[in-house]
Every structure is written in C-alpha cells, then in structure tokens.
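Everything on this sheet refers to the single structure shown next.
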Amino acid sequence: MVLSLRQIFRDTSLTSVSSGFVATLVAFTSTIALVFHAARSLGASPEQVTSWVLVLGLGMGLSSIGLSLWTRAPILITWSTPGAAVIASAANGVSLSEATGAFMVCGVLMWLCGVTGWFARVMNRIPYALASALLAGILAKFALLAFAEAAPHPLLVIGMMLTYLLGKRWWPRYAVLGVLLVGALLAWQQGQLNAEQLTWSVATPVWVTPSWSWLAVIGMGLPLFIVTMASQAVPGVSAIRVSGYEPPVSRLMSWSGLVTLIGAPFGGYAFNLAAITAAIVLNPHAHADPSKRYTAAVMAGLFYVAMGLLGGAVAGVLAAFPGALIMSVAGLALLGTIGNGLASALKDDHHREAALITFLVTLSGVTLMGIGSAFWGLVAGTLTLFVENFRVHPADDQTDEP
-3 MVLSLRQIFR DTSLTSVSSG FVATLVAFTS TIALVFHAAR SLGASPEQVT
47 SWVLVLGLGM GLSSIGLSLW TRAPILITWS TPGAAVIASA ANGVSLSEAT
97 GAFMVCGVLM WLCGVTGWFA RVMNRIPYAL ASALLAGILA KFALLAFAEA
147 APHPLLVIGM MLTYLLGKRW WPRYAVLGVL LVGALLAWQQ GQLNAEQLTW
197 SVATPVWVTP SWSWLAVIGM GLPLFIVTMA SQAVPGVSAI RVSGYEPPVS
247 RLMSWSGLVT LIGAPFGGYA FNLAAITAAI VLNPHAHADP SKRYTAAVMA
297 GLFYVAMGLL GGAVAGVLAA FPGALIMSVA GLALLGTIGN GLASALKDDH
347 HREAALITFL VTLSGVTLMG IGSAFWGLVA GTLTLFVENF RVHPADDQTD
397 EP
C-alpha cells in the first residue's frame, strides 16, 4: 500500500522524531571519527573526505526512508562501522582508487548474496565465534592506538577517558558525545585545534575512478564484506525480527549491495542494516504503536540526509581536531563492541582456541604477500578449526588392548 504524506504525518509522533534524531546523533558522533580516519588512511583529500560524508549521509538517509515506507517497518540503513576499521587497518600500500575497486567488489558480493539467497548459507559457513574474533581483532587495534596517545597527550586522553567512564555511569546513551565535547574543549584549551580547517561549504560529490588490484580485493574487499555482513547484517536482521517485524531480508541485502556499488566511487564504501542504532528506532519508546514505528526510521533518514548535505562542515570540524582526539574518540567508542565481540568469540569451548588465534593474528597487523591481517586472521582460525576437528580413519585410531 502506498502511503500518502498526510498518512505519514498522521503516524508521526514527537517520540518518533526525537528517536530518529537520537539515532542519527549516536551514529554520527560515535563512529564518524573512524570513517574520517579510514578516508585519511587512504590519502583522501579534504574534498574527498567531504564527498564521503555526503554520499554516506544521502545513501543511509534515502535508503532508510524508502525501505521503511515500503515495508512499513523501521528499517535503518547505516555505514559499516567495522568496515571503516577494516579499511584503515588494510590501507597500507593501497591507493584510494584501488580501495574504491575493492568497495565495488564488496557491493557486488552483497548484491549477489541478496538476489541469490546466499546470505544465510554464506554466513553459516563462517562460525560466529570466528567472525566475532575477527571483528574484535580489527577494532582492538584502534583502542590500543587510542590509549597509546596518552604518552604524548596525557591531559587530553586521560580527560577523555575519565569523561567516558563517568558518561557510561550516568548518561550511557550520550557517553561518546560527551567524550567528543570534552576532548574538543581540552584540545582548544591546549591550542591544538586547527581553526583554519573549518569550512561551512555545502558538500559536493567527488568521483574517484576505481582501479583493480587483487591485493586490495583480497586484503580489503573480502574482509570488508565479511565483517559487514557478519557484524551488522546478522545482528541487524535479528534486531528487526526480535522486535516483531518480518522484513524481506534478501531484498534488503541486495539493496544494500546496489547502493554500495553505486556510491563506492564517491566514498560510499559499504551500506548495511544498522545493528546498534536500530534498537533506538525499534524500541517502543519510538512509538507506542508498532505499526507506526516506521516513522522513527523515516525521521532518522531525514536527519541523515541533512548531515550528509552538511558534509563540508562535518569534515571541516573533524579536520580541525588533532589526530589524538580523533583516535581517542574512535577507540573509546569501540570498547563496547570489542568487549561483546570477545565475549561471543570465547564463550564456546569448541571454538575458543580457533577464535583466540583469529583474534591475535588479526590484532598483530601482520601483512603477507601484501594482504592484511584481517584475511590472515580468518585463514588462521579456519585452519585451526580444521585441524582440531579433523577425524582420522577409524582403523588408524585403534589402539592395542593392554
């Protein structure tokens, strides 16, 4: 059924507007620093970083609005947060054009998983423990770098850490926003803000012609696909179903892949179902009537679009911040995800050692044959599982009776 504007306005409540705004605020303030870091790791210019913010905001916003109106369910599309971590960790030796090609490969794989129904079968091939360990290993590197910044910038990092702890205790939903505000205040007090980078121009898309490198595809494209699908698609679908909705999962996957494929040359590296922020628009606080709760995701989509159009201002503000502040915000924002990943990876005795090896190899940052540690971590964990579960022929397993 096609919804009219009058019906949408009638279904929208103040709580759905506020929930949509909070979801957008949490998404941007908690992980935009990591996306910014990923773009800069690939050598993106300020104009290209602005394009990333613009295309990501438009892709998330328009997709969330369209899919929510189509399904009459709160469907929230977001960028891949763990994917940004993969990009930054695998950026060494990879050009922006090669990374763009890898993003497009990721989009094609996501689209294929949707149109063929391979999504569930592909993910079932990767034990959840290994996928969780892979994610934790990728993200843990950023948390380590955040704490390492305490040596050259003790006041800044320790102040942000204390703010994070107090925030988790008293205002957990806005803890990361508090960290960002306190960090900016401390950086300003120490004269570390570069005000010359501030700009309020309207964002414009910047095209990057993709080039193809098997090293970039294997070292960045495949890990980007795996962690995006494993850490966001799976929990994203679960969150929607637990809330009582039954969306067309395969079509959502194929749409995410198509948007990624189209947006990749402009910086839209990976789109997928939201997992954490989705809980905000799926919560009964968003709207008392489940059939009208889709309006919270529509409102979030509108705010996403607005943030994307202000991409020049967002990128300018982040460029004015010192690197230590960006890294600390990103690292602290990821602590919860790292902890959950490790808990999921190590809780099963049967997969514990393989998950631990996956985590450590990924965390090591090792590069072999030009391929980053995310891929080798998954290879090492899979090999461990194979050796541990390999069964010899019964005749070879017999022992003589004493």
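Reminder that position 171 of the sequence shown reads as 167 in my numbering, one-by-one numbering, no gaps. Ideal placement from N, C-alpha and C gives every residue a C-beta, glycine not left out.
Residue environment, residue i, which counts as buried when at least 16 other CB atoms sit within 10 Å
| i | result |
| --- | --- |
| residue 267 | buried |
| residue 346 | exposed |
| residue 443 | The requested residue 443 is not part of the displayed model; the chain covers only -3 to 398. |
| residue 105 | buried |
| residue 398 | Only weak support is given to the placement of residue 398: the predicted model assigns it a pLDDT of 44, under 50, and the question is left unresolved by the model. |
| residue 213 | buried |
| residue 89 | exposed |
| residue 318 | buried |
| residue 396 | With a pLDDT of 47 at residue 396, under the threshold of 50, the modelled position of this residue cannot be trusted; read the value that follows with caution. Label assigned to residue 396: exposed. |
| residue 23 | buried |
| residue 221 | buried |
| residue 147 | exposed |
| residue 321 | buried |
| residue 288 | buried |
| residue 233 | buried |
| residue 92 | buried |
| residue 394 | Confidence in residue 394 is poor, its pLDDT being 49 and thus under 50, which makes the residue's placement too unreliable to answer from. |
| residue 386 | exposed |
| residue 198 | exposed |
| residue 94 | buried |
| residue 282 | buried |
| residue 165 | exposed |
| residue 3 | exposed |
| residue 61 | buried |
| residue 137 | buried |
| residue 392 | Here the model assigns residue 392 a pLDDT of 49, short of 50, so the residue's position is not dependable and the matter cannot be decided. |
| residue 210 | exposed |
| residue 208 | exposed |
| residue 113 | exposed |
| residue 276 | buried |
| residue 237 | exposed |
| residue 6 | exposed |
| residue 128 | buried |
| residue 151 | exposed |
| residue 59 | buried |
| residue 12 | buried |
Contact belief for residue i with residue j at Cβ below 8 Å, rounded distance in angstroms
| i | j | result |
| --- | --- | --- |
| residue 30 | residue 87 | No, residue 30 and residue 87 are not in contact; Cβ-Cβ is about 13 Å, not under 8 Å. |
| residue 203 | residue 262 | 6 Å |
| residue 1 | residue 172 | Between residue 172 and residue 1 the Cβ distance is about 35 Å, and since that is not below 8 Å, they are no contact. |
| residue 21 | residue 274 | That belief does not hold up - the Cβ atoms of residue 21 and residue 274 are roughly 15 Å apart, past 8 Å. |
| residue 34 | residue 98 | About 12 Å separates the two Cβ atoms, so there is no contact after all. |
| residue 218 | residue 382 | Contact doesn't hold; Cβ gap of about 19 Å is too wide. |
| residue 16 | residue 303 | In fact, because the Cβ distance is near 12 Å, the residues do not count as touching under 8 Å. |
| residue 215 | residue 359 | Actually they are not in contact, since the Cβ atoms of residue 215 and residue 359 sit about 16 Å apart, beyond 8 Å. |
| residue 145 | residue 324 | 6 Å |
| residue 400 | residue 63 | Missing from the structure shown is residue 400; the chain here goes from -3 to 398 and no further. |
| residue 75 | residue 100 | No, residue 75 and residue 100 are not in contact; Cβ-Cβ is about 16 Å, not under 8 Å. |
| residue 377 | residue 126 | 5 Å |
| residue 51 | residue 264 | 4 Å |
| residue 469 | residue 135 | Nothing can be reported for residue 469: it is not among the residues displayed for the chain, which extend from -3 to 398. |
| residue 174 | residue 187 | About 22 Å; that fails the 8 Å criterion. |
| residue 250 | residue 153 | With a Cβ gap of about 43 Å, residue 250 and residue 153 do not count as contacting. |
Residue range of the alpha helix (DSSP H) that includes residue i
| i | result |
| --- | --- |
| residue 336 | 331 to 342 |
| residue 164 | 150 to 166 |
| residue 2 | 1 to 7 |
| residue 107 | 92 to 112 |
| residue 44 | 42 to 67 |
| residue 185 | 171 to 185 |
| residue 304 | 290 to 305 |
| residue 126 | 124 to 144 |
Bridge partners - residue i, DSSP secondary structure assignment
| i | result |
| --- | --- |
| residue 73 | 269 |
Distance cut-off 7 Å: residue i Cβ against heavy atoms of the ligand GDP
| i | result |
| --- | --- |
| residue 58 | Ligands in the displayed structure: none, and consequently the ligand GDP is not present. |
Could you tell me which whole alpha helix (DSSP H) segments of length 4 or greater appear in the region 206 to 286?
Fully enclosed alpha helix (DSSP H) runs of 4 or longer: 218 to 224, 230 to 238, 245 to 259 and 274 to 278.
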